[in-house]
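A quick write-up on the structure given underneath.
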Amino acid sequence: VSLPRALSKLGHCSRTEALALIEAGRVLVDGRPARSISQWVDMARAVIAVDGGTVVAQDKVYLMLNKPRGIVTTRRDPQQRGTVYDCVPEGLPFFSPVGRLDKASEGLLFLTNDTKWAERLMNPASGVEKTYHVKIDIVADKRFVSALAEPVVDDGERLSAASVRLLRTSGRSSWIEIVLTEGRNRQVRRMVAARGANVLRLVRVGNGGVLLGDLGKGQTRPLDPAQLARLSYGRRIG
1454 VSLPRALSKL
1464 GHCSRTEALA
1474 LIEAGRVLVD
1484 GRPARSISQW
1494 VDMARAVIAV
1504 DGGTVVAQDK
1514 VYLMLNKPRG
1524 IVTTRRDPQQ
1534 RGTVYDCVPE
1544 GLPFFSPVGR
1554 LDKASEGLLF
1564 LTNDTKWAER
1574 LMNPASGVEK
1584 TYHVKIDIVA
1594 DKRFVSALAE
1604 PVVDDGERLS
1614 AASVRLLRTS
1624 GRSSWIEIVL
1634 TEGRNRQVRR
1644 MVAARGANVL
1654 RLVRVGNGGV
1664 LLGDLGKGQT
1674 RPLDPAQLAR
1684 LSYGRRIG
């Protein structure tokens, strides 16, 4: 694998951070300075060191977070906004979010340093089911729900839901449950907008059969063995 990817897979840092370390001359491979950011290494044999310390594989971390609205999923934000990393206890190995929730969205987000596990969950071919509860700015009826369940083409992309159902209506708004097995950028918001409505709140309440449950906003907890097994070995990882 490439050296930046090796540092990421070992749980030392992100690939972006690895590029900076290599370019600064802080990375050694088998006792010699890394030649370039494109250098390939055999992770089973190579000894990689950063600032004189050997990089070894970190223990695997699998967390679920109830992401609050208003924070972003990047590690560092140029605009100095809060990030999901502010919600996590100190002292954990390097990890990354599995997929993203935009700033205005909230709910269940997985965090891990197991890159293979994360890639499998995010692979559309895995049939990952993500469940969202969405508040919209109209009183939805059966016709609207049926229309939302139909595929729509937006900006050249075909967007579709696995299922859509009305949860409740109140005043001038409604809550709808939308289940996706694909994860295109801002997909739920684009689908709702294509049917003439706007999203007021968007909460991911389930991912791969794992439910957000009573996890408080901004809180994390490790996935338990049953949840991890369901996500790792289920016939449909969703």
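Under the numbering used here, the first residue of the sequence shown carries the number 1454, and numbering increases by one thereafter. Think of the CB as a built atom: it goes at the ideal place given N, C-alpha and C, for glycine as much as any other residue.
A direct Cα-to-Cα measurement between Ala1650 and Met1496 gives close to 50 Å. For Asp1504, the closest of Asp1483, Gln1492, Leu1474, Arg1528 by C-alpha to C-alpha distance is Leu1474. Shown here for Arg1611: same chain residues with a beta carbon closer than 7 Å to its own, the five before and five after excluded, namely Pro1604 in chain order. Looking at the backbone, the Cα of Lys1513 and that of Gly1464 are separated by about 9 Å.
In the DSSP assignment, the residues bridged to Phe1563 are Met1517.
Boundaries of the alpha helix (DSSP H) around Arg1643: 1640-1647. Setting aside the 5 residues that flank it on each side, Ser1491 is surrounded in the same chain by Ser1455, each with a C-beta closer than 7 Å to its C-beta; the list follows chain order.
In this structure, the beta-carbon distance from Met1517 to Arg1674 falls below 8 Å. Checking the DSSP bridge columns, you'll see Pro1486 partnered with Leu1481. Rounded to whole angstroms, Thr1507 and Asp1555 show a C-alpha spacing of 36 Å. DSSP, read as helix, strand or coil, puts Glu1610 in strand. Relative to Asn1519, the option among Arg1625, Glu1476, Gly1659 whose CA is nearest is Gly1659. If you draw a straight line from the Cα of Gly1671 to the Cα of Ser1626, it comes to about 26 Å. With respect to Thr1622, Val1592 sits close: the two C-beta atoms are nearer than 8 Å.
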